[in-house]
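Peer 1: My questions all concern the structure below.
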Amino acid sequence: MTSGVRLAFAVLLFAGALTSAAAQNAPAPPPRQQVKIGFVEIAGDARYEPVRAYERIILKTREHPFTGAEVGVDETAAFARVLPMDFSLDRITAKSPADVAPAVLAALDAGTHFFLLDAPADAFKPLVAAVRGHDMLIFNVSEPDDSLRRDLCAPEFVHVYPSRAQLMDGLVQFAVSRKWRDLLVLEGPSPADAAMTAAFEHSAQKFGARIVAHQHFKPGTDPRERELNDPTLLSAINRDFDIAFVADDAFDFARALPYQLARPRPVMGSIDLEPVAWRWTWERHGAPQLNSRFDRKSGGRHMAGADWAAWIAVKMIVQSALRTRSADFAKQRAFILGDGTFDGDKGLALSVRRWDHQVRQAILLAAPYEVVASAPIEGFLHRTNELDTLGDDEPESPCHLEK
Amino acid sequence: MRRLVIALLSVLAFTPAAAKDTGLIFVSNEKTNNIIVIDPKTYKVVKDIKVSRRPRDMHFNADHSKLYVACGDDDVIDILEVATLKIIGKLKTGPSPEAFAMDEKRRRLYVSDEEGSSLAVIDMDRDAIVREVPTGAEPEGVLVSEDGKTVYVTSEAGDMVHAVDADTGTITRDLVAGLRPRRLAATPDGKELWATAELSGEVVVIDRARFVVIANIAFLPPGMRKADVTPVGLIMTGDGKTAYVTLGHAARVAVVDVPTRKVSGYILVGKRSWGITLSRDEKTLYVANGQGDDVTVIDTNSRKAKLSVPVGRVPYGIVVDD
Numbered sequence: 000m001t002s003g004v005r006l007a008f009a010v011l012l013f014a015g016a017l018t019s020a021a022a023q024n025a026p027a028p029p030p031r032q033q034v035k036i037g038f039v040e041i042a043g044d045a046r047y048e049p050v051r052a053y054e055r056i057i058l059k060t061r062e063h064p065f066t067g068a069e070v071g072v073d074e075t076a077a078f079a080r081v082l083p084m085d086f087s088l089d090r091i092t093a094k095s096p097a098d099v100a101p102a103v104l105a106a107l108d109a110g111t112h113f114f115l116l117d118a119p120a121d122a123f124k125p126l127v128a129a130v131r132g133h134d135m136l137i138f139n140v141s142e143p144d145d146s147l148r149r150d151l152c153a154p155e156f157v158h159v160y161p162s163r164a165q166l167m168d169g170l171v172q173f174a175v176s177r178k179w180r181d182l183l184v185l186e187g188p189s190p191a192d193a194a195m196t197a198a199f200e201h202s203a204q205k206f207g208a209r210i211v212a213h214q215h216f217k218p219g220t221d222p223r224e225r226e227l228n229d230p231t232l233l234s235a236i237n238r239d240f241d242i243a244f245v246a247d248d249a250f251d252f253a254r255a256l257p258y259q260l261a262r263p264r265p266v267m268g269s270i271d272l273e274p275v276a277w278r279w280t281w282e283r284h285g286a287p288q289l290n291s292r293f294d295r296k297s298g299g300r301h302m303a304g305a306d307w308a309a310w311i312a313v314k315m316i317v318q319s320a321l322r323t324r325s326a327d328f329a330k331q332r333a334f335i336l337g338d339g340t341f342d343g344d345k346g347l348a349l350s351v352r353r354w355d356h357q358v359r360q361a362i363l364l365a366a367p368y369e370v371v372a373s374a375p376i377e378g379f380l381h382r383t384n385e386l387d388t389l390g391d392d393e394p395e396s397p398c399h400l401e402k
Numbered sequence: 000m001r002r003l004v005i006a007l008l009s010v011l012a013f014t015p016a017a018a019k020d021t022g023l024i025f026v027s028n029e030k031t032n033n034i035i036v037i038d039p040k041t042y043k044v045v046k047d048i049k050v051s052r053r054p055r056d057m058h059f060n061a062d063h064s065k066l067y068v069a070c071g072d073d074d075v076i077d078i079l080e081v082a083t084l085k086i087i088g089k090l091k092t093g094p095s096p097e098a099f100a101m102d103e104k105r106r107r108l109y110v111s112d113e114e115g116s117s118l119a120v121i122d123m124d125r126d127a128i129v130r131e132v133p134t135g136a137e138p139e140g141v142l143v144s145e146d147g148k149t150v151y152v153t154s155e156a157g158d159m160v161h162a163v164d165a166d167t168g169t170i171t172r173d174l175v176a177g178l179r180p181r182r183l184a185a186t187p188d189g190k191e192l193w194a195t196a197e198l199s200g201e202v203v204v205i206d207r208a209r210f211v212v213i214a215n216i217a218f219l220p221p222g223m224r225k226a227d228v229t230p231v232g233l234i235m236t237g238d239g240k241t242a243y244v245t246l247g248h249a250a251r252v253a254v255v256d257v258p259t260r261k262v263s264g265y266i267l268v269g270k271r272s273w274g275i276t277l278s279r280d281e282k283t284l285y286v287a288n289g290q291g292d293d294v295t296v297i298d299t300n301s302r303k304a305k306l307s308v309p310v311g312r313v314p315y316g317i318v319v320d321d
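Order-wise, the sequence lines are chains R and V. Read in numbering that gives the first Met the number 0, the first sequence has 270 at position 271, and its numbers run on one by one without any break. Read in numbering that gives the first Met the number 0, the second sequence has 152 at position 153, and its numbers run on one by one without any break.
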């Protein structure tokens, strides 16, 4: 807690005392404390550009997850009586990744200790150095990059969005549980494709699946490069495979892949069976009601993974106040990073891994109109928490934040 | 819940003299929009009654002449005449009614509107919502106190149990109770309120006078994963000694010794078991299995399932006319 906020609280308490003295009879209700949450995003974040078939034909709209955070704050209305606190959400749009750290520090000075960060991986590095040692928790709500958890390894961050390692472990657990152990890998040209493929191959090794071939594709129609751009040729390999995995962040190649393989095999990864943090078709654990609240708030947009992460990040902050009965940042942080467990509408209770501050969570395996399964898949066991079969478990992680 | 409502109504000095004791078993089915009626002797389906969309919670009136059915996707409570097995009327509710309780003395229904995050107070004679009490998100289980003065309602997403003053329609007390509290039952001595907590996999025992949590009863059938233990429905025997709790995806009913709060056994049922009820002689327990599309009939002496009866798709509630 910064001195500014402490002072504000002291003033409020003093004012409350004055009021009650003046009233003489019934003591005034305790002053309501403010818990401020900053939602930080970057203007022009390329991750939110729509995926297009052609300039005017949009395949997927992608939106900043601010609405998810709003739904979380709306839900706090019900706590108004039990909790003498008000939660506010401030949307901060930085002009560039370099502007994120100054904006966050300015908000901290104004009494904000909780931030939801909706930014790509390259915005994290400068921020980590700038916020080191400050009283704040920054919830990563949209970036799966494994290196943020492994290499940056910063105590001020909580990774609510699942890591690529978690996502790919969930996907491979599902394939292996179906006895689809022979996998064809199709990797795209972007760094995100490489990161996704690396995580997938690691997962395959972890759960005993075999990569029978690893093909690099190059999107396009150039007949001289058809060995690189034709799905049938790319999959016409001697060894059989059970399922093809495709890593294609740009989506242009992946969308044309199903039904074009040399063999009649299904596709997973960037299309058809996708490992996700959330999907609007998820029906269990109260999900329909959450989806419905989100749909109403967003004007009909379906809730996606980052929206869910923003929602649960707010809920974690609110729960830390509710369960500790406190607006004291140190107590709230201790709860969130310690014993706190949270209901994310995905079954097994969520909690924060003490070693890298990744939120333990189920991964949904989503087909276009159905969540086919949720990982951890039954049978993948762990000595303490089955959710730790997904992603970097303590012995494997190079990050050891402990406290 | 049904038993509790009956107990409540007898306290309110209504005599169920007109009850015909047909013994018929009624099952509401969320996805097929119907009530399946089962003969208690043959366990054959004797009637399939079309109702409004997404029927869920059901309660009889005091003399069992009518069965009220909350229908979530049409925002109504259908009224079924038990003698003719026909729908004879509807009451309008708020958005997506899920569970409700009835107070016939005051001619009121208290309905949790899942999507509206409120408890609607409905005048049964005027067919009008006379008050809407804002609750935490996703209100669910509703219970009226014996004297009719207090209405208890859970908020699934708010992790709370609210106590509502029936006269003023205001929430007088809130209590944080487990993760995702669903349904309520009161011990017959009037001292405790039991709430199933779906995500924390437990029953939370609440002292009604002080309105604090005094115990937590955790469930974990042997060999089950904790994530699949999702308690929802519960019912107590008339002597207040035994409680039966449906454990959702664990496909079990837990048997709890109420005075000691110890789990004394688990009975195998179908998946996503929610709705639960007892025959009047308490020898038979009926459980609706949402992901089995059937009903399990259990002999309470041997604690064994006797048979299962296929019903509609996604059965939710189950009540017996006896």
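Here a beta-carbon is modelled for each residue, glycine too, at the ideal position from N, C-alpha and C. On a predicted model such as this, the values are computed, not experimentally measured, just so you know.
(1) Which chain R residues are close to M159 of chain V, counting only those with a beta carbon under 9 Å from its beta carbon?
(2) Is there a Cβ from chain R that is less than 8 Å from the Cβ of T186 of chain V?
(3) Q165 of chain R CB to nearest chain V CB: under 8 Å?
(4) E137 of chain V touches chain R at which residues, Cβ-Cβ below 7 Å?
(5) Give every residue of the same chain whose Cβ lies closer than 7 Å to the Cβ of S396 of chain R, excluding the five residues on either side of it in the sequence, and list them in chain order.
(6) Exposed or buried, which one is D145 of chain R when buried takes at least 16 other CB atoms within 10 Å?
(7) State yes or no: is the beta carbon of L116 of chain R nearer than 8 Å to at least one beta carbon in chain V?
(8) Check the Cβ of E377 of chain R against every Cβ in chain V and list those closer than 9 Å, keeping chain order.
(9) With 16 as the cutoff for other CB atoms within 10 Å, does A21 of chain R come out buried or exposed?
(10) Quick one: which residues of the segment 340-353 of chain R get their C-beta closer than 7 Å to a C-beta of chain V? List them in chain order.
(11) Leaving aside the five residues before and after V175 of chain R along the sequence, list all residues of the same chain whose C-beta is less than 6 Å from its C-beta, in chain order.
(12) Going by DSSP, what residue range makes up the beta strand (DSSP E) through S154 of chain V?
(13) Grab the span of the alpha helix (DSSP H) containing R163 of chain R for me, first residue to last.
(14) Mark P301 of chain V as exposed unless 16 or more other C-beta atoms lie within 10 angstroms of its C-beta, in which case mark it buried.
(15) Please list, in chain order, all residues of the same chain as I34 of chain V whose beta carbon is under 6 Å from its beta carbon, the five residues on each side excluded.
(16) Does S117 of chain V pass the burial test, meaning 16 or more other C-beta atoms within 10 Å, or should it be called exposed?
(17) Which same chain residues, not among the five before or five after A249 of chain V, have their C-beta less than 6 Å away from its C-beta?
(18) What residues from chain V crowd round S291 of chain R, counting only those whose CB sits closer than 7 Å?
(19) Buried or exposed: L363 of chain R, going by 16 or more other Cβ atoms within 10 Å of its Cβ?
(20) Quick check on D69 of chain R - is its C-beta less than 8 Å from some C-beta in chain V?
(21) Return the chain-ordered list of same chain residues with a C-beta closer than 6 Å to the C-beta of G219 of chain R, the five sequence neighbours on each side being excluded.
(22) How long is the line joining the alpha carbons of S248 of chain R and L386 of chain R, rounded to whole angstroms?
(23) Measuring only between beta-carbons, confirm whether E74 of chain R sits less than 8 Å from chain V.
(24) Among residues of its own chain, excluding the 5 on either side of R312 of chain V, which ones have a beta-carbon nearer than 7 Å to its beta-carbon?
(25) Between which two residues does the beta strand (DSSP E) holding R332 of chain R run?
(26) Should E369 of chain R be flagged as near chain V, meaning a C-beta pair shorter than 8 Å?
(27) Just verifying my parser: in three-state terms, what is the DSSP assignment at Q23 of chain R?
(28) Once you ignore the five residues that flank G304 of chain R on each side, which residues in its own chain have a CB closer than 6 Å to its CB?
(29) In or out: S154 of chain V buried (at least 16 other Cβ within 10 Å) or exposed?
(30) Please list, in chain order, all residues of the same chain as G88 of chain V whose beta carbon is under 7 Å from its beta carbon, the five residues on each side excluded.
(31) Chain R beta carbons: is any one of them nearer than 8 Å to that of V319 of chain V?
(32) Roughly how many angstroms separate the alpha carbons of A194 of chain V and P367 of chain R, rounded to a whole number?
(33) Taking the alpha-carbon positions, what's the T283 of chain V to I297 of chain V distance?
(34) Distance cutoff 8 Å, beta carbons only. Does R179 of chain V sit that close to anything in chain R?
(35) So with CB distances below 7 Å, who are the chain V contacts of L321 of chain R?
(36) Given Q23 of chain R, which residues of its chain have a CB within under 7 Å of its CB, disregarding the five upstream and five downstream residues?
Peer 2: Based on what the coordinates show:
(1) A77, F78, V81
(2) no
(3) no
(4) G285, Q288
(5) R149, W354, D355
(6) buried
(7) no
(8) R224, D227
(9) Note that A21 of chain R scores 42 on pLDDT, short of 50, meaning its location in the model is unreliable; the coordinates nonetheless yield the value given after this. Exposed, since its Cβ has fewer than 16 Cβ neighbours within 10 Å.
(10) D342, G346, L347, A348
(11) F206, A208
(12) 149-154
(13) 163-176
(14) In the sequence as displayed, the identity of residue 301 of chain V is Ser instead of Pro. It counts as exposed.
(15) F25, S27, I48, V50
(16) buried
(17) P220, M223, D227, V228
(18) E114
(19) buried
(20) Going by the sequence as given, residue 69 of chain R is Glu instead of Asp. No, E69 of chain R does not count as interfacial toward chain V.
(21) N228
(22) Looking at the sequence shown, residue 248 of chain R is not Ser but Asp. Cα to Cα, the separation comes out at about 26 Å.
(23) yes
(24) N28, K30, T31, D292
(25) Looking at the DSSP string, R332 of chain R is not in any beta strand (DSSP E); the run it does join, the alpha helix (DSSP H), is 328-336.
(26) no
(27) Legend: pLDDT at Q23 of chain R = 47, less than 50; position of this residue unreliable, value from coordinates given subsequently. If DSSP states are grouped into helix, strand and coil, Q23 of chain R belongs with coil.
(28) V275, A276, W277
(29) buried
(30) I78
(31) no
(32) 37 Å
(33) 6 Å
(34) yes
(35) V175
(36) Confidence at Q23 of chain R is low in this model, with a pLDDT of 47, below 50, so the placement of that residue is unreliable and no value is reported for it.
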